[in-house]
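Below: the structure, in structure tokens.
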Amino acid sequence: MDRDRDEELLRGRVYGTDFDDPHPGPRPGRTYAELVGGPLDGLLLDITGWTPQEIATGTALMTEIGQFGAGGRALYGPRPGDAGRWDWCGDVP
282 MDRDRDEELL RGRVYGTDFD DPHPGPRPGR TYAELVGGPL DGLLLDITGW TPQEIATGTA
342 LMTEIGQFGA GGRALYGPRP GDAGRWDWCG DVP
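The sequence shown: position 53 = 334 (my numbering), numbered continuously.
Next comes the structure, spelled out in structure tokens:
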């Protein structure tokens, strides 16, 4: 990643951190993907320890602010050519 992108990521909030967490941003030594579009736009997803297959598959992330409300999930997958950004693919119940 380039330096501007690194600095941008350091300002982000990590998916799954508590709202009252005094340090909701990324931690050193971890690997993150930026979520792009959809209800979780702008959050960082900690993919540290994920296998290449898990990364290629993407994930369904719980969210209360998606199309299906509480209990719904937002689908995200890696952007072709830019694994550091995961694009929103839609919502599921």
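By construction, the Cβ of each residue, glycine as well, lies at the ideal position given by its N, Cα and C atoms. Computed from a predicted model, the values in this text were never measured in an experiment.
Asked	Found
Pick from Thr-332, Thr-340 and Pro-333 that is closest to Leu-326, judged by C-alpha positions	Thr-340
Contact between the segment 302-316 and the segment 366-373 (3+ Cβ pairs under 8 Å)	yes
Three-state secondary structure assigned by DSSP to Leu-290	The predicted model places Leu-290 with a pLDDT of 49, which falls under 50 and marks its position as unreliable, so this point remains unresolved.
Residue span of the alpha helix (DSSP H) that contains Pro-333, given as start and end	333-338
Identity of the residue in Pro-309, Ile-336 and Trp-331 nearest Gly-362 by Cα	Ile-336
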